[in-house]
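Below is one structure, written out as structure tokens, with a few remarks after it.
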Amino acid sequence: MRVVAFDTATARTTVALRDLETEDNVCLAAVVDLALADDPPPGARPGHAQRLLVMIHELFEQAGAGWDAVDRIAVGVGPGTFTGLRIGIATAEALGYATSTPLLGISTLRSLALGAHEREPDSAKLAVIDARRGEAFVAGWGSGSDPLAAGPELSARVLRPDQLVRVAATSGTRVLAVGDGALKFRDELERGGASVPAPNSPLHLVAAREHCRLAAFGAADPTRRVEPEYLRPSDAELAQP
Amino acid sequence: MARAGDTVGDTLSTYSGHILAIETSCDDTCVAVVTADGEILSNVISSQGVHDRFGGVVPEIASRQHLTLLPKVLDEALRLAAITLDDVGLVAATRGPGLVAALLVGFSAGKAMAAARELPFAAVDHLHGHLAASFLRPSEFNPPFLALIASGGHTLLADVRDHGPELRLLGQTLDDAAGEAFDKGARLLGLGYPGGAAMERLAADGDPEAFAFPTAERMSGLDFSFAGLKTALLYKVRELGEEEALRRRADLAAAYQRAIVESLLLRVKRALRATGATRLAVGGGVAANGPLREALGSLGVELDIPPRALCTDNAAMIASAARFTPALCFPQYLSLDVYATGEPRT
Ligand SMILES: [Zn+2]
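Heads up: the protein sequence lines correspond to chains E and A, in order.
Position one of the first sequence corresponds to residue 1 (the numbering used here), numbered consecutively onward.
Position one of the second sequence corresponds to residue 242 (the numbering used here), numbered consecutively onward.
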């Protein structure tokens with residue numbers, strides 16, 4: 001099965017095109033895997049709108065393939081920056097619609113946890129994405145629990161730093177925390193007993209190639225619509241009495 | 242400069258087939274199908290209505306709604322036009338100005354749809370769209386003309402000498418838009434949002450001469466200003482006291498509405514004099530206002546006010562502007578980004 005995946009939930013635009021052998025649950029080599037990130041100044045927006053379709057185009061050029069060879073589109077539904085999620089999902093829905101390709105929404109946290117599971121299957125995994133305003137988006141998998149096979153035991157939520165300490169402390173004896181949020185809240189996570197890989201570890205990066213695996217083996221059925229995982233109401237709704 | 246029938250430049254793309262256009266610059270989710278010669282096959286507008294309780298457009302809520310509504314609105318537009326994507330030769334989407342997060346939904350979808358089919362793409366300026374509403378069939382109103390666009394998002398005068406896309410702005414609002422002035426005034430008088438229609442209904446029972454509200458008359462030139470008017474109403478309501486203000490609500494509404502209309506009219510007259518134009522096109526949601534239409538009708542110029550569905554934000558006007566916007570070939574448009582209100586057109 002050939003899957004095109006992308007994610008725009010974080011500052012990183014990541015796209016991948018992958019051939020996966022579903023019957024034997026075997027992953028063939030990634031056909032193409034590209035990522036670009038930026039660090040926009042406060043108030044500026046990341047460059048997903050400028051990069052995403054260019055990178056998808058590049059993917060096809062490198063693979064020498066076209067849309068007719070694609071069986072599924074997988075898009076990261078977050079949680080992450082609201083605008084980033086919408087760029088990804090609006091793009092995915094339009095591509096799916098225009099090419100009649102089935103579409104799947106992939107939890108960005110689950111994809112992160114999948115990368116961590118590869119490295120340390122026996123650890124509990126916490127996927128942590130920076131939610132701004134001093135909070136983090138978090139989902140957790142227990143020791144030995146494979147994110148490819150199962151959803152999170154600690155479902156996706158927004159946590160304050162003090163809550164992160166508690167979650168890290170109660171997640172297991174060996175806890176691996178990954179993601180840009182894990183780097184941001186390293187102190188809290190380590191205080192709770194979790195280990196956070198070094199800042200340059202690829203485990204912290206959202207990678208669309210993991211989305212491809214989840215789209216090929218994950219339980220969800222393809223649809224035309226996918227919903228972003230905002231996890232937070234809009235400010236105006238929060239301000240309502 | 243492109244002319245009618247000369248829709249694409251040499252170095253750019255040519256296309257055959259219909260134009261599919263998307264507009265999501267504010268709170269209306271819009272998709273339209275228009276033929277290459279400007280006939281509307283469908284023009285679907287989904288007004289979100291969720292902003293009423295917030296008294297204005299909330300960008301994050303608008304953007305979430307756009308993402309939810311866009312696929313349904315797209316389906317509906319294709320269904321009503323009785324076409325499929327195979328019949329589309331050009332995809333267009335509003336690039337700006339507007340709310341960035343809202344624009345990005347429609348613009349991302351439009352680019353992706355074009356890219357998936359390797360179709361040409363036109364990135365349309367929203368204000369060019371408002372002017373181009375007049376170019377649509379069957380009541381084509383072609384340049385040259387003077388244009389007044391007045392809505393909740395913008396208030397401007399433009400010297401329209403050709404079909405665009407360049408804008409020759411003569412004046413614009415320095416603070417609130419005319420529609421915004423209606424909304425804010427309506428709020429002060431305890432009316433709902435959006436306030437234009439409610440205020441007009443209330444004003445029908447009032448005396449426009451009852452109060453003298455400012456029209457920024459002494460401000461020379463062709464720019465507009467409505468902030469002083471809003472403040473004047475606020476002070477008048479305070480001065481009258483709650484009970485009296487409520488009793489004289491219709492008079493307040495009538496006088497306030499008159500001030501907005503006079504303020505618009507004054508600058509239209511100045512612009513007609515300055516440009517020597519004898520033809521006037523009006524667009525934007527405020528064009529639906531009865532007293533404004535009446536006042537403009539008595540100017541003695543050839544007047545074009547498109548139907549209401551083409552005056553408020555809609556995608557047919559974006560398709561119309563797309564006919565005169567250089568269309569980029571695949572894959573040249575893939576890296577285009579939107580621009581916000583106040584950001585330069587890059
Ligand atoms: Zn508008």
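Positions of the beta carbon are idealized from the N, C-alpha and C atoms, including for glycine.
Would you mind sorting A:PRO361 into buried or exposed? The rule is 16 or more other CB atoms within 10 Å of its CB. buried
Under a CB-based cut-off of 8 Å, is A:PRO338 close to chain E? Chain E has no Cβ within less than 8 Å of the Cβ of A:PRO338.
Taking only beta carbons into account, state which residues of the stretch 79-93 of chain E come closer than 9 Å to chain A, listed in chain order. PHE82, THR83, LEU85, ARG86, ILE87, GLY88, ILE89, ALA90, THR91, ALA92 and GLU93
Looking at ligand 1, does it come within less than 7 Å of A:HIS371, judged from the CB to the closest heavy atom? yes
Would you call A:LEU487 buried or exposed, if buried means 16 or more other Cβ atoms sit within 10 Å of its Cβ? exposed
When E:LEU176, E:GLU153 and E:LYS184 are compared against E:ASP130, the one with the closest alpha-carbon: Selected option, being the one with the closest Cα: E:LYS184.
Using alpha carbons as the reference points, say which of E:ALA9, E:ARG2, E:VAL3 and E:LEU203 lies closest to E:LEU231. E:ALA9
Check each candidate in A:ASN530, A:SER380 and A:LEU368 and name the one with the smallest Cα separation from A:ALA590. Chain A is shown from 242 up to 587; residue 590 of chain A falls before or after that span and cannot be answered.
For E:THR83, which of helix, strand or coil comes out of DSSP? In the structure shown, E:THR83 sits in a helix (DSSP, three-state: H, G or I).
Which value, in whole angstroms, describes the spacing of the CA atoms of A:ALA323 and A:PHE386? Between the alpha carbons of A:ALA323 and A:PHE386 lies a gap of roughly 34 Å.
Pair within 8 Å by beta-carbon distance, E:LEU85 and E:MET55: No, the pair does not count as a contact, with Cβ atoms beyond the cut-off.
Using the beta-carbon of each residue, which ones in chain A are nearer than 9 Å to E:SER107? Ordered by position in chain A, no residue passes the 9 Å Cβ test against E:SER107, which lies about 17 Å from the chain.
The alpha helix (DSSP H) with E:HIS57 in it runs from where to where? 48-63
Complete alpha helix (DSSP H) runs within the stretch 118-174 of chain E (minimum length 4 residues, chain order): The qualifying runs are 161-169.
Is it buried or exposed for A:PRO585, if we count other Cβ within 10 angstroms and need 16 for buried? With fewer than 16 other Cβ atoms within 10 Å, it is exposed.
At least one CB of chain E closer than 8 Å to the CB of A:GLU584: is that the case? no
Hey, out of A:HIS404, A:SER375, A:VAL272 and A:ALA468, whose CA is closest to A:THR456's CA? A:ALA468
Since A:LEU588 meets chain E, which of its residues come closer than 8 Å, beta carbon to beta carbon? Outside the shown range of chain A (242 to 587) lies residue 588 of chain A, about which nothing can therefore be said.
Spatial neighbours of E:GLU229 within its chain, please: C-beta separation below 7 Å, excluding the five flanking residues on both sides. VAL77, GLY78, PRO79, SER107 and ALA156
Am I right that E:PHE6 and E:LEU52 are in contact with their C-beta atoms under 8 Å? What's the rounded C-beta distance? 6 Å
Taking the alpha-carbon positions, what's the A:THR265 to E:GLY134 distance? Near 31 Å, if we compare the C-alpha coordinates of E:GLY134 and A:THR265.
Touch check for the stretch 544-556 of chain A and the stretch 575-584 of chain A: three-plus C-beta pairs under 8 Å? no
Just to confirm the assignment: which complete beta strand (DSSP E) runs, minimum length 3, are found wholly within the stretch 367-410 of chain A? 386-391 and 396-401
Let me confirm a value: E:ALA248 is counted as buried when at least 16 other C-beta atoms fall within 10 Å, else exposed. Which label applies? Residue 248 of chain E lies beyond the range of chain E shown here (1 to 241); nothing can be said about it.
Beta strand (DSSP E) runs wholly inside the stretch 531-584 of chain A, at least 3 long, in chain order: 543-545
Are the beta-carbon atoms of A:LEU609 and A:CYS271 separated by less than 8 Å? The requested residue 609 of chain A does not occur in the structure, where chain A is confined to residues 242 to 587.
Does DSSP classify A:LEU310 as helix, strand or coil? Correct three-state label for A:LEU310: helix.
Close Cβ partners of E:LEU28 (< 8 Å) along its chain, the five nearest in sequence each way excluded: Unreliable positioning characterises E:LEU28 in this predicted model, as indicated by a pLDDT of 45, which lies under 50. The coordinate reading is nonetheless provided below. For E:LEU28, where only same-chain residues beyond five positions count, the Cβ hits under 8 Å are ARG18, ASP19, LEU20 and GLU21.
So, does the CB of E:THR13 fall closer than 8 Å to a CB anywhere in chain A? Output row for E:THR13: interface = no.
Evaluate the contact criterion for the stretch 560-567 of chain A versus the stretch 363-383 of chain A: three or more CB pairs, one atom per stretch, below 8 Å. yes
Are E:ASP180 and E:HIS204 close, meaning C-beta to C-beta below 8 Å? yes
Could you pull out every residue in the same chain whose Cβ sits closer than 7 Å to the Cβ of A:GLY436, ignoring the five residues on either side in sequence? PHE423, ASP424, GLY426, ALA427 and ARG428
Between A:PHE348, A:ALA277, A:GLY258 and A:ALA364, which lies nearest to A:PRO567 when the distance is taken from Cα to Cα? A:ALA364
How about the stretch 158-169 of chain E and the stretch 107-123 of chain E: do they share at least three Cβ pairs that are nearer than 8 Å? no
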